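Numbering follows the UniProt record's numbering, in which position 40 of the sequence shown is assigned residue number 40; successive positions increment by one, without gaps.
To start, the structure under review is shown below, and the notes come after it.
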Amino acid sequence: RREEKRREEKRKNRREEKRNKTRKVKTKKRREEKRREEKRREEKRREVKRQLKRMRRDWLRRKEKGGKMRQDQQKRNETRQKEKRKQ
């Protein structure tokens, strides 16, 4: 009987140890997966910020160029009108 009890105890202990090990491994994997997911999200945020900055910069450049082009066009039109009046 004592032997049987001892064997049973050993079995129980082994089972418990296995369970604990698997739990540990699973939690570790879960943690790693969460970390990876967070990194992905962070990278996406950074990419979106970069895109917004790029778009804004391009828009400002276009706006400046557009303003200059309009001014140049107005000057040309004025000079043409003056020439037409002289004729």
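Even for Gly, the Cβ is constructed at its ideal location relative to N, Cα and C.
In this text the structure is predicted, and so the values were computed from the model without any measurement.
In the three-state reduction of the DSSP assignment, R31 falls in the helix class, which pools H, G and I. Between the C-alpha atoms of E32 and K5 there is a straight-line separation of about 41 angstroms. DSSP places Q81 in the helix class (H, G or I) of the three-state scheme.
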